[in-house]
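K.L.:
Can you keep this structure in mind? I'll have questions shortly.
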Amino acid sequence: MTAVGEAQSPQTTAPAIRVNAVSKTFGGTRALRDVSFEVPRASVHALCGGNGSGKSTLIKILAGVHQADSGTIEIDGHVHDATRTNPGWAGSNGLYFVHQAVGTFPSMTVAENFAVSSTFGARSLAPVSWRALHRRVQKVLEQFEIDVSPKTIMAQVPPATRTMIAVARALQYEAEAGRGTLVLDEPTASLPAEEAQAVLDAMRGYARRGHAVVFVSHRLSELLAVSDSATFLRDGRHVRTCDAADLDESILVQLITGHAPIAPSRNAVAAHQAEVRLRLENFAVGSLDDICLQVRAGEVVGIAGLLGSGRSTLLQSLFGVRPARGGRATLDGVELTANDVPAAIRGGIAYVPEDRAGQAAFAELSIRANLSAPSLRRYWNRVWLRRAAERSDAQSVIERYKIKVDGPEAYFATMSGGNQQKVVLARWLELAPRLLLLDEPTQGVDIGARTAIHQLVRQVAAAGTAVLLVSSDPQELVDACDRVVGVHSGRITGEASDADLTVRRCTELGHGLGAPSGARTPTSRALGPRTPATHPPTSMEPRTS
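Counting in this note's numbering, the sequence shown runs from 292 upward without gaps.
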């Protein structure tokens, strides 16, 4: 692509990127409306917006995946026609992209992952010089302060380091000159707090080297911690560009959603007075041992723990995916069937796993098919499925849960992360579960969808469902839960509730720092006098020997 009006010589004072009056329409939908903003050099610039804000469309235009209907993009002083971009244009003009799925090959070495994105001087059918390749990659890794050998298999590299390797691979030819603009789209969404912090620290390092960094994240604390400036989009329009120093979390929420943040509410009555719904006694599964815990009807209990602590394994076992090694797990007084998912579903247990696209939904199927999956018998008349009834019920669910989608026949994969999660949740909530298991329920969704999902969790809890929620985000545990327990080194190490339920306390629990001095342990509370269940189960199958 040729430039529209190239400057005679790019000025060092020019911004790294200047987006000018960019618009984009899909069918009859205006995705972007005359959006204009600048990204300063040698800085971290946050691009903020909720579902439908136009943020993803803008990134795809910068990447050359979509072409704008109108507008220009200025890069380092050179003006380009935004209607004529393409993927090759982006790289040739110093724009590099790293997404949440960083695109590395786990079975290959670090050096081989670099090699697949460049020729490293190889010509025609000449053999690869592995020694030269390793030297080149080692030099790039040192420039980006990544402490890993080029010969290391990528699967052995921690997730945060894989993200930084993907960045170094993208910027390998710009590193020495400090050129190039890096667009990081949700790079920390699937990372625990410690590894996410490593990526944030690396981002500041990129900016110090002279790179401009455009950062997209739904974690508000990250945006505030690492950004120098921020641009806000809403409904395809530019709302505001400002210095990050002028922002706090409340202002962030208001600029992203258009309204003030909604304060979280806790169900203190459920936490102390309702009957016990889920009871674990000396429960053991995977790396977990001697887990004693109870969750009451209407209570939302969070689990804080590091990656690999066993928090997800616990949920999987309760849903029948993994067999327990010992102890007892009862729901309303009836022992759960071991390693039996159908029995768990019949017994009123619902499970939303961390990987919603891969494990919780059928991405290639319609919203209708995804919503009806757990209850197909309802539409089966012994000859065929009653599609009209299935479609009508799906439309009702879409309206009731405020899912933004064209209709029940739209494909699941075409929706935003927040709306995908609403579909997965709605599918289970329509069955009125007695126990809801949530693993990272708002990972990778925007603040508006996050608030809506938390409200759905509160609504189902208010109806008497017991909720067990795993999250690597301490703020989510504070916002969504009545009580939080910490899991570390295979055991429950502490608990927080009421005034003690803070971000700092949840972080401590996740690191196994235990209960505050004088506080009761979760084991002593969990094994207290049992309150009989008032709603005896009818369909939970007893465990067979």
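Just so you know, even glycine gets a beta-carbon here, dropped at the ideal spot from N, CA and C.
Go through its chain and collect everything with a Cβ distance to L516's Cβ below 8 Å, but skip five positions before and after it.
P.N.:
Counted from its first residue, the sequence shown places residue 516 at position 225. The residue asked about is misnamed: residue 516 is Ala in this sequence, not Leu. These residues qualify, in order along the chain: L491.
K.L.:
Take K315 as the anchor and find which of P306, A337, V330 and T348 has the nearest alpha-carbon.
P.N.:
As a first step, residue 315 is located in the sequence shown; it is residue number 24 there, counting from the start. Of the candidates P306, A337, V330 and T348, the one whose C-alpha sits nearest the C-alpha of K315 is T348.
K.L.:
Within 10 angstroms of the Cβ of P441, are there 16 or more other Cβ atoms? Answer buried if so, exposed if not.
P.N.:
Locating residue 441 in the sequence shown gives position 150, counting from the first residue. It counts as buried.
K.L.:
In angstroms with no decimal places, state the Cα-to-Cα distance between L729 and S788.
P.N.:
Here residue 729 is taken as the residue at index 438 of the sequence shown, counted from 1. Here residue 788 is taken as the residue at index 497 of the sequence shown, counted from 1. Taking the straight line from one Cα to the other gives about 19 Å.
K.L.:
Would you check if the distance between the CB atom of D791 and the CB atom of R725 is smaller than 9 Å?
P.N.:
Translated into positions along the sequence shown, residue 791 becomes position 500. Translated into positions along the sequence shown, residue 725 becomes position 434. Contact: no.
K.L.:
Among P450, A446, I437 and F574, which one has its Cα closest to the Cα of Q463?
P.N.:
Walking along the sequence shown from the start, residue 463 turns up at place 172. The residue with the shortest Cα to Cα distance from Q463 is I437.
K.L.:
Threshold first: 4 residues or longer. Then list the alpha helix (DSSP H) segments lying entirely within the region 299-355, N to C.
P.N.:
Here the runs fully enclosed are 346-353.
K.L.:
Leaving out the 5 sequence neighbours to the left and right, which residues in its chain are closer than 6 Å to G617 when beta-carbon positions are compared?
P.N.:
As a first step, residue 617 is located in the sequence shown; it is residue number 326 there, counting from the start. Only A575 meet the Cβ criterion.
K.L.:
Rounding to the nearest angstrom, what Cα-Cα distance links S666 and D684 in this structure?
P.N.:
Counted from its first residue, the sequence shown places residue 666 at position 375. Counted from its first residue, the sequence shown places residue 684 at position 393. Roughly 12 Å between the two C-alpha positions.
K.L.:
What is the DSSP secondary structure of S408, reduced to helix, strand or coil?
P.N.:
Translated into the one-based positions of the sequence shown, residue 408 becomes position 117. The answer is coil: DSSP assigns S408 none of H, G, I, E or B.
K.L.:
Are V736 and S518 touching if we call contact CB-CB under 9 Å?
P.N.:
For the purposes of this step, residue 736 is identified with residue 445 of the sequence shown, where counting begins at 1. For the purposes of this step, residue 518 is identified with residue 227 of the sequence shown, where counting begins at 1. Contact flag unset, no.
K.L.:
Please check if any C-beta of chain D sits within less than 9 Å of the C-beta of F396.
P.N.:
The chain inventory of the structure shown lacks chain D, comprising one protein chain alone.
K.L.:
Taking the straight line between their C-alpha atoms, what separation do you get for T395 and L676?
P.N.:
For this step, residue 395 is matched to residue 104 along the sequence shown. For this step, residue 676 is matched to residue 385 along the sequence shown. Separation of T395 and L676 (C-alpha to C-alpha, rounded to the nearest whole angstrom) is 42 Å.
K.L.:
Consult DSSP for A359 and reduce its assignment to one of helix, strand or coil.
P.N.:
As a working note, residue 359 is residue 68 in the sequence shown. Coil, per DSSP.
K.L.:
Buried or exposed for G599, going by 16 or more other Cβ atoms inside 10 Å?
P.N.:
Mapped onto the sequence shown, residue 599 falls at position 308. Label assigned to G599: exposed.
K.L.:
How would you call G809, buried or exposed, if buried means at least 16 neighbouring beta carbons within 10 angstroms?
P.N.:
Counting from 1 along the sequence shown, the entry for residue 809 is found at position 518. For G809, the pLDDT reaches just 40, beneath the cut-off of 50, and the residue's location in the model is therefore unreliable, leaving the point undetermined.
K.L.:
At the level of alpha carbons, what is the spacing between S815 and L760?
P.N.:
To locate residue 815, count along the sequence shown from 1; it is residue 524. To locate residue 760, count along the sequence shown from 1; it is residue 469. Below a pLDDT of 50, predicted positions are generally treated as unreliable, and S815, at 34, falls in that range; the measurement from the model is reported next regardless. So the alpha carbons of these two residues sit roughly 21 Å apart.
K.L.:
What residues are listed by DSSP as bridge partners for H745?
P.N.:
As a first step, residue 745 is located in the sequence shown; it is residue number 454 there, counting from the start. None, per the DSSP bridge assignment.
K.L.:
Alpha carbon to alpha carbon, how far is Y387 from T705?
P.N.:
What you label residue 387 is simply residue 96 of the sequence shown in a count that begins at 1. What you label residue 705 is simply residue 414 of the sequence shown in a count that begins at 1. Distance between the alpha carbons of Y387 and T705: 24 Å.
K.L.:
Taking the straight line between their C-alpha atoms, what separation do you get for T812 and R782?
P.N.:
If you number the sequence shown from 1, residue 812 lands on position 521. If you number the sequence shown from 1, residue 782 lands on position 491. Reliability fails at T812, whose pLDDT of 42 lies under 50, so the model's placement of it is uncertain and the value that follows must be treated cautiously. So the two alpha carbons sit approximately 12 Å from each other.
K.L.:
Count the other CB atoms within 10 Å of the CB of W719; is the residue buried (16 or more) or exposed (fewer)?
P.N.:
Locating residue 719 in the sequence shown gives position 428, counting from the first residue. W719 is buried by the Cβ-count criterion.
K.L.:
In angstroms, rounded to a whole number, what distance separates the CA positions of I594 and S762?
P.N.:
Residue numbering aside, residue 594 sits at position 303 when the sequence shown is read from its first letter. Residue numbering aside, residue 762 sits at position 471 when the sequence shown is read from its first letter. Spanning the two alpha carbons is a distance of roughly 7 Å.
K.L.:
Would you call D764 buried or exposed, if buried means 16 or more other Cβ atoms sit within 10 Å of its Cβ?
P.N.:
As a first step, residue 764 is located in the sequence shown; it is residue number 473 there, counting from the start. By the 10 Å Cβ count, D764 comes out buried.
K.L.:
Give the straight-line distance between the Cα atoms of L662 and N311, rounded to the nearest whole angstrom.
P.N.:
Residue mapping note: residue 662 aligns to position 371 of the sequence shown, counting from 1. Residue mapping note: residue 311 aligns to position 20 of the sequence shown, counting from 1. Straight-line Cα distance between these residues: approximately 42 Å.
K.L.:
Is the CB-CB distance between G577 and G601 below 9 Å?
P.N.:
Within the sequence shown, numbered from 1, the residue matching residue 577 stands at position 286. Within the sequence shown, numbered from 1, the residue matching residue 601 stands at position 310. Going by C-beta atoms, G577 is nearer than 9 Å to G601.
K.L.:
Per DSSP, which residues does C533 bridge with? Please list them.
P.N.:
Translated into positions along the sequence shown, residue 533 becomes position 242. C533 pairs with A521.
K.L.:
Spatial neighbours of T498 within its chain, please: C-beta separation below 8 Å, excluding the five flanking residues on both sides.
P.N.:
As a working mapping, residue 498 is identified with position 207 in the sequence shown. The sequence as given places Ala at residue 498; Thr does not occur at that position. Excluding sequence neighbours, A498 sits near A333, S334, V335, V504 and D519.
K.L.:
Let's test the definition: count the other Cβ atoms within 10 Å of the Cβ of P699 and tell me whether it reaches 16, buried, or not, exposed.
P.N.:
Residue 699 sits at position 408 when you count from the first residue of the sequence shown. Classification of P699: buried, given that the 10 Å Cβ count is 16 or more.
K.L.:
Per the DSSP calculation, S703 is bridged to which residue(s)?
P.N.:
Position 412 of the sequence shown, counting from 1, holds the residue named residue 703. The residue asked about is misnamed: residue 703 is Phe in this sequence, not Ser. Assignment of beta-bridge partners to F703 by DSSP yields no partner.
K.L.:
Looking only at its own chain, which residues have a Cβ that is under 8 Å from the Cβ of T793, when we skip the five neighbours before and after it?
P.N.:
Here residue 793 is taken as the residue at index 502 of the sequence shown, counted from 1. V769 and A787, listed in sequence order.
K.L.:
Do G549 and G345 have their C-beta atoms within less than 9 Å of each other?
P.N.:
Along the sequence shown, one-based indexing puts residue 549 at 258. Along the sequence shown, one-based indexing puts residue 345 at 54. Not in contact: G549 and G345 (Cβ atoms no closer than 9 Å).
K.L.:
Give every residue of the same chain whose Cβ lies closer than 7 Å to the Cβ of Y670, excluding the five residues on either side of it in the sequence, and list them in chain order.
P.N.:
As a working mapping, residue 670 is identified with position 379 in the sequence shown. So the qualifying residues of the chain are S663, L676, R677, A680 and E681.
K.L.:
Taking 6 Å as the limit between beta carbons, can you name the residues of its chain near A307, skipping five residues before and five after?
P.N.:
Counting from 1 along the sequence shown, the entry for residue 307 is found at position 16. For A307, where only same-chain residues beyond five positions count, the Cβ hits under 6 Å are V330, R332, T472 and A503.
K.L.:
Does the separation of the CB atoms of F703 and V714 fall below 9 Å?
P.N.:
Here residue 703 is taken as the residue at index 412 of the sequence shown, counted from 1. Here residue 714 is taken as the residue at index 423 of the sequence shown, counted from 1. Yes.
K.L.:
State the Cα-Cα distance for the pair L482 and I456, rounded to the nearest angstrom.
P.N.:
Here the question's residue 482 lines up with position 191 in the sequence shown. Here the question's residue 456 lines up with position 165 in the sequence shown. Straight-line Cα distance between these residues: approximately 15 Å.
K.L.:
Given that a residue counts as buried once 16 or more other Cβ atoms are within 10 Å of its Cβ, and exposed if not, what is G649?
P.N.:
As a position in the sequence shown, residue 649 is number 358, starting the count at 1. The residue in question, G649, is exposed, as its Cβ has fewer than 16 Cβ neighbours within 10 Å.
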